[in-house]
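**Q**
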């Protein structure tokens, strides 16, 4: 009896305290909710027959001004709002957007003539003219803008003068009338029109952009000719894009796109499971966790890149081609892809990615031969093995590096590396002295100039810590750059790739990565061709959505 | 008292100055470079140099520090390299989330902690007491981000009405506050229990009971009130920690608080933002401890501040 009373009293006290304090707690939470914030901003999808697509991605972290930002998370949003003259579809083919046709190019490959589509309007109501195009590039080359995209376009005549502050007008762009203009280059540069198809060449409206000044691209401050326009954008939580009713490219499929930012991948995937978002990226690390239960909602895609072991040719023993070949022979790429990557990749046959013109389709996967590797090492003067040390890898490549370490130990190579963070890694590489690292080098579009020239060309390979110098290879690169005949260019790249991947074995190519995304069955036309998620083709099947949500 | 106050404030300013100098120095000798990250792998050295110059990163270290500290006195904490927004704005927004989260979590922690502590003390040695105390050990030991993920999976995914991320609507606070508050609730419970047990054995409690006071009144007014002093000491330390933000819990629930802002920007080497976060957290801690020290004097007159005025 006594015991019972004792038990009851504390509970009464507890209840009293809990009620009192819980009351305070609630009051505080109520008071601190953002004014006007709806409890369920994204859960109304499809309820009223409106097509709303909710996409989850990491916060883009900087700006949506693609002259300044270099991130694909920024591009995924910016590309729905601002458009370049041309763009790449999700099969990596270039198509015209703001032009009537592809530009014509002069005999010597330096003068391009463009014709703009008529009647294209920015979402602020002003019409697109050649003046906006010139303004866009002049802004890019004005030092005060702080643009980072200029290196893709600084072959335009006069760009360097502007960058040096010697001119305020871009001599290389001449306007004939509102819809016709020419761009003159200092030298023939074959991939120029492809560079114009990237997000870095988004065309901005002169009036709105000038008016916005430094805040252009910040929050919802972005106006373009694209299929969607901003309703709101809080870079920490969510962007709401609404249909551009006057879109020059025809009827826009969705009423709204909500891009919801998740900094934690696990939370993003839980949100997908929970039905808070309709689609999101599925990183390789979580593939095995989802691949059985969600197999019908996973789509794989193959960016235009290659993952490889990058070696510094200035440092022994990697300066000996036989050692580099031995490293390659020591790695069983098929096994690596199957077990270490969970199948998310294609074993490499050469450096150049299979979707890039110039890739030699006849090549088999690199040979795995431990005996031959040992023999080559002995020939190179290391019959008792050798230590390769001082390399740095990032967290993301640590598992891969450990697997390679295991393979190399089999042939007598002691492979020693440190795991560092991204920032340390970047600056260390830029010194040109990093002995080795792992990297996936992606092209912005299907052109070998991007995948090869930027990394291995003599003048560029120093800052990638490769230090490759082969005049014959460099000549092939130069010739291919200025050649306007695409099939001839591809032939030149095939020859150059043979130097890289076979004769000189400059790097040890491992695999072509596979990425994947999750999308609910009612999401239509979702496809990714390279690194950037393009949302402009996506549609929602409302009936299927209703059925799916029961 | 006044003299003590002046001394403490001056000391606090000295601490803040030292912290800012040390952070600035560490950030500058740390390997890694925001511009190299910003521009990606294709950037040529000229571009790197141009961008670095535009951001003022090529100036000598003492000049950068002087310019920064002068800015601080005028309320200008600089501009983020990446987000191109004033650091003060970013901090204000992040801090509003951290503060809301901290206050609500701590209120929940206090409520739960006090109740569990009192119940345990009143049932000392019983199964209920042992069970609750075992739970508090779990609460103290389990990392809050792990609790966070468990809550997301076992509660968030099961009950549609409970969101698994964000911090806008009142219901959004539920999971993050539980995961963040649990640890504090557990430690408050243990201290409350100990402190209650100490008070329970004292004469005035027996007197209160003998007087015929209701049990509820005895517990709340006489026992708990006298047991509160050690609890208040703990609260001070906890608040300082909570307001510094919790990087992992904030990341898991996608809450853009100070902890997340700090770590995100350390990885990007966005020095102005990191510097701003550190100084902001330092100010909060210094101020909280200062207040706690002063409160001692208010709560317990036996603790004297400054000998002369005694």
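Protein chains in written order, with our numbering: chain C, 17 to 566; chain Z, 1133 to 1442.
Don't be surprised by glycine CBs; every beta carbon is placed ideally from N, CA and C.
None of these values were measured; they are calculated from a predicted model.
In chain C, what lies closer than 9 Å to residue 1383 (chain Z) by C-beta?
**A** 279, 280 and 283, listed in chain order.
**Q** Among Z:1257, Z:1267 and Z:1344, which residue has its Cα nearest to the Cα of residue 1245 (chain Z)?
**A** Residue 1245 (chain Z) has its Cα closest to that of Z:1267, out of Z:1257, Z:1267 and Z:1344.
**Q** Name the DSSP bridge partner or partners of residue 1218 (chain Z)?
**A** Paired residue(s): Z:1211.
**Q** So, with DSSP's three-state summary, where would you put residue 211 (chain C)?
**A** Residue state, collapsed to three classes: helix.
**Q** Select from the region 231–265 of chain C all residues with a C-beta closer than 7 Å to any C-beta belonging to chain Z, and list them in chain order.
**A** Within the region 231–265 of chain C, the residues whose Cβ lies closer than 7 Å to some Cβ of chain Z are 234, 252 and 253, listed in chain order.
**Q** For residue 444 (chain C), return the contacting residues in chain Z, with the cut-off set at a CB-CB distance below 9 Å.
**A** Ordered by position in chain Z, the residues that pass the 9 Å Cβ test against residue 444 (chain C) are 1163 and 1164.
**Q** Contact check, residue 104 (chain C) vs residue 294 (chain C) under 8 Å by CB: the rounded distance?
**A** So it is not a contact: roughly 24 Å between Cβ atoms.
**Q** Reducing DSSP to helix, strand and coil, say where residue 1147 (chain Z) ends up.
**A** Three-state DSSP puts residue 1147 (chain Z) in a helix.
**Q** Is it buried or exposed, residue 355 (chain C), if we count other Cβ atoms within 10 angstroms and call 16 or more buried?
**A** Residue 355 (chain C) comes out exposed.
**Q** Buried or exposed: residue 444 (chain C), going by 16 or more other Cβ atoms within 10 Å of its Cβ?
**A** Burial call: buried.
**Q** Give the straight-line distance between the Cα atoms of residue 169 (chain C) and residue 211 (chain C), rounded to the nearest whole angstrom.
**A** In a straight line, the C-alpha of residue 169 (chain C) is about 8 Å away from that of residue 211 (chain C).
**Q** Using the three-state DSSP reduction, which class does residue 434 (chain C) fall into: helix, strand or coil?
**A** Residue 434 (chain C): strand per DSSP, three-state reduction.
**Q** Between residue 423 (chain C) and the rest of its own chain, which residues show a CB-CB distance below 6 Å, the 5 nearest in sequence each way excluded?
**A** Cβ within range, chain order: 346 and 347.
**Q** Between residue 1309 (chain Z) and residue 1236 (chain Z), which are expected to be in contact by the criterion C-beta below 8 Å, what is the C-beta distance as a whole number of angstroms?
**A** Indeed, because the Cβ distance is near 5 Å, the residues count as touching under 8 Å.
**Q** Assuming the contact rule is C-beta atoms closer than 8 Å, residue 1221 (chain Z) and residue 1401 (chain Z) should be a hit. Round their C-beta distance to whole Å, please.
**A** No, residue 1221 (chain Z) and residue 1401 (chain Z) are not in contact; Cβ-Cβ is about 20 Å, not under 8 Å.
**Q** For residue 502 (chain C), name the three-state secondary structure that DSSP assigns.
**A** In this structure, residue 502 (chain C) counts as helix in the three-state DSSP scheme.
**Q** Output yes if chain Z places a C-beta closer than 9 Å to the C-beta of residue 533 (chain C); else output no.
**A** So, not an interface residue.
**Q** Using a 10 Å radius around the Cβ and a threshold of 16 neighbouring Cβ atoms, would you call residue 65 (chain C) buried or exposed?
**A** By the 10 Å Cβ count, residue 65 (chain C) comes out exposed.
**Q** With a floor of 3 residues, list each beta strand (DSSP E) that falls wholly inside the region 189–275 of chain C, ordered by position along the chain.
**A** Fully enclosed beta strand (DSSP E) runs of 3 or longer: 189–193, 196–200, 244–250 and 254–259.
**Q** What distance in whole Å lies between the Cβ atoms of residue 1289 (chain Z) and residue 289 (chain C), which are believed to be in contact at a cut-off of 8 Å?
**A** Their Cβ separation, rounded to whole angstroms, is 6 Å, which keeps residue 289 (chain C) and residue 1289 (chain Z) in contact under 8 Å.
**Q** Does the region 510–520 of chain C come into contact with the region 372–381 of chain C, if we say contact requires no fewer than three beta-carbon pairs (one atom in each stretch) closer than 8 Å?
**A** Because the criterion of three Cβ pairs below 8 Å is met, the region 510–520 of chain C and the region 372–381 of chain C touch.
**Q** My parser needs the beta strand (DSSP E) runs of 3 or more residues fully inside the region 397–467 of chain C; what are they?
**A** Counting whole runs of 3 or more residues, the region 397–467 of chain C contains the beta strand (DSSP E) stretches 402–410, 429–436 and 452–458.
**Q** Under 8 Å, with one C-beta from each stretch per pair, do the region 459–472 of chain C and the region 306–320 of chain C reach the 3-pair mark?
**A** Short answer: they touch.
**Q** Residue 155 (chain C) and residue 73 (chain C) look like a contact to me (Cβ under 8 Å); what is the Cβ gap, rounded to whole Å?
**A** Actually they are not in contact, since the Cβ atoms of residue 155 (chain C) and residue 73 (chain C) sit about 27 Å apart, beyond 8 Å.
**Q** Output the boundary residues of the alpha helix (DSSP H) element that contains residue 1293 (chain Z).
**A** That residue, residue 1293 (chain Z), is in no alpha helix (DSSP H); it is neither H nor E in DSSP.
**Q** Just to confirm before moving on: does the CB-CB distance between residue 128 (chain C) and residue 191 (chain C) stay below 9 Å?
**A** In this structure, residue 191 (chain C) does not lie closer than 9 Å to residue 128 (chain C) by Cβ.
**Q** So, helix, strand or coil for residue 1413 (chain Z), using DSSP?
**A** Helix, per DSSP.
**Q** Name the residue from Z:1277, Z:1317 and Z:1301 whose alpha carbon lies nearest to the alpha carbon of residue 1247 (chain Z).
**A** The option with the nearest alpha carbon to residue 1247 (chain Z) is Z:1317.
**Q** Run through chain Z and tell me which residues come within less than 7 Å of residue 289 (chain C), C-beta to C-beta.
**A** The answer, in chain order, is 1289.
**Q** Exposed or buried, which one is residue 1185 (chain Z) when buried takes at least 16 other CB atoms within 10 Å?
**A** Per the 10 Å Cβ criterion, exposed.
**Q** Thinking C-beta only, is residue 1320 (chain Z) closer than 9 Å to residue 1241 (chain Z)?
**A** Yes, Cβ-Cβ distance for residue 1241 (chain Z) and residue 1320 (chain Z) is below 9 Å.
**Q** Go through its chain and collect everything with a Cβ distance to residue 39 (chain C)'s Cβ below 8 Å, but skip five positions before and after it.
**A** Residue confidence for residue 39 (chain C) is low, a pLDDT of 34 falling below 50, so the modelled location carries little weight and cannot support an answer.
**Q** When DSSP builds the beta bridges, which residues end up paired with residue 316 (chain C)?
**A** In the DSSP output, where bridge partners are listed per residue, residue 316 (chain C) has C:532.
**Q** Would the beta-carbon of residue 532 (chain C) fall within 9 Å of that of residue 366 (chain C)?
**A** Going by C-beta atoms, residue 532 (chain C) is not nearer than 9 Å to residue 366 (chain C).
**Q** Measuring CA to CA, which of Z:1135, Z:1136, Z:1146 and Z:1134 is closest to residue 1418 (chain Z)?
**A** The residue with the shortest Cα to Cα distance from residue 1418 (chain Z) is Z:1146.
**Q** Across the region 420–440 of chain C and the region 396–406 of chain C, are there enough close Cβ pairs to call them in contact, namely three or more that are closer than 8 Å?
**A** Yes, since at least three Cβ pairs between the region 420–440 of chain C and the region 396–406 of chain C fall closer than 8 Å, the two stretches touch.
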